[in-house]
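First the structure, in the form of structure tokens, and then the observations on it.
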Amino acid sequence: MKTTVRTVAVALLAGLAALLFLTGCASGGSTAPAPPAPARVLSGDTAAKPATVDAPIGTPDHITIPDVGVDANVAPISDTGSEIDPPSNDDAYWWTQRGKPGSNDTVYLAGHTLDNGTGVFAAVQRSKPGEKITIDTSAGKRTYRITATAAYAKADLDRYDDVWAAVPGRLILVTCHLDNGAPTNDNFLVFATLIS
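When the letters of the sequence shown are read in order and numbered with mature numbering (1 follows the signal peptide of the UniProt record, and there is no 0), they come out as residues -26 to -1, 1 to 170.
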């Protein structure tokens, strides 16, 4: 039997196609989604550490951060899909699907920071670890100590496991991130732990 260049080429291409097909089958035929861009920790440590303070569970209704001048009412907001867009620029909003202060889950408060530097949470971008946040609740005042600030990509925020872990006594403030007064594609997060 005479072997031609064409016969060898066809056999090699068939073998390569079979190898590529089997490789695709072995890996499920699809690629895993790329991991989210790493967060930029701006200060402190974002590692989740449960609070050791035991406090009665209460619904939040007011927030103050004296060191940066935040003093605002807190209103409830329900699940709004893939993003939380507070309906007012002047109030903070507590995400009701997650924890209440004193619970075994993380408490999330969201507020606006506008491009012109206004909005209820515009000043939180000056927050530093060690500063205190007070939340007035239906069960009394709760005091948190800021442990970290970080910027997370807005488009990937729901994919950061460290942000969404249920951590007793943890508070996370979420707002838009401004970099030197200019808007970005990031959210600015403040991490805090219940201390009293």
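Heads up, the beta-carbon is just placed ideally off N, CA and C, and yes, glycines get one too.
**Study point:** Length-filtered (3 minimum) beta strand (DSSP E) runs lying within the stretch 55 to 115
**Key:** 66 to 69, 81 to 84, 106 to 111
Exercise for review: Please report the residue range of the beta strand (DSSP E) in which Val44 lies.
Suggested key: Here residue 44 refers to the residue found at position 70 of the sequence shown. Val44 -> beta strand (DSSP E) spans 44 to 51.
Review point. Could you give the C-beta distance for Tyr126 and Tyr118, rounded to a whole number, given that I count them as a contact under 8 Å?
Key: The residue labelled residue 126 in the question sits at position 152 within the sequence shown. The residue labelled residue 118 in the question sits at position 144 within the sequence shown. Wrong, their Cβ atoms sit about 19 Å apart, outside the cutoff.
Check your understanding: Is Ile146 closer than 9 Å to Tyr82 when the C-beta atoms are compared?
Key -> Locating residue 82 in the sequence shown gives position 108, where the first residue counts as 1. Locating residue 146 in the sequence shown gives position 172, where the first residue counts as 1. Yes; because the gap between Cβ atoms is below 9 Å, this pair is in contact.
Practice item. Counting only the same chain and skipping the five closest in sequence on each side, list residues whose C-beta sits under 6 Å from that of Asp64. Key: In the sequence shown, counting from the first residue as 1, residue 64 sits at position 90. Within the same chain, Asp64 has close Cβ partners Val94.
Point to revise | Sequence-distant residues of the same chain with beta carbon closer than 8 Å to Ile120, five excluded per side | key: The residue you call residue 120 lines up with position 146 of the sequence shown. Counting only Cβ-Cβ distances below 8 Å, and skipping sequence neighbours, we find Gly18, Ser101, Lys102, Pro103, Gly104, Glu105, Lys106, Ile107, Val164, Phe165, Ala166.
Review point. DSSP state of Ala29, grouped into three classes?
Key: One-based indexing of the sequence shown puts residue 29 at position 55. Ala29 falls in the coil class under three-state DSSP.
Check your understanding: What did DSSP end up calling Thr(-20) once you bin it into helix, strand or coil?
Key -> One-based indexing of the sequence shown puts residue -20 at position 7. In this prediction, Thr(-20) has a pLDDT of 42, which is less than 50 and means its spatial position is unreliable; what the coordinates show is noted afterwards. The answer is helix: DSSP assigns Thr(-20) an H, G or I state.
Practice item. Kindly examine the ligand NAP and report whether one of its heavy atoms sits closer than 8 Å to the Cβ of Ala124. Key: Annotation note on the ligand NAP: not contained in the displayed structure, which lists no ligands.
Exercise for review: Can you grab the Cα-Cα spacing for the pair Asn47 / Lys128, in whole Å?
Suggested key: Along the sequence shown, one-based indexing puts residue 47 at 73. Along the sequence shown, one-based indexing puts residue 128 at 154. If you take the alpha carbons of Asn47 and Lys128, they lie about 25 Å apart.
Review point. Can you tell me the Cα-Cα spacing of Ala25 and Asp41, whole angstroms?
Key: The residue you call residue 25 lines up with position 51 of the sequence shown. The residue you call residue 41 lines up with position 67 of the sequence shown. If I take the Cα positions, the gap works out to 22 Å.
**Study point:** Residues near Gly155 in its chain [Cβ-Cβ closer than 8 Å; skip 5 each side]
**Key:** Position 181 of the sequence shown holds residue 155. Gly91, listed in sequence order.
Review point. Along the chain, where does the beta strand (DSSP E) that runs through Val141 open and close?
Key: On the sequence shown, position 167 is the one that residue 141 refers to. Unbroken run through Val141: none, as it is neither H nor E.
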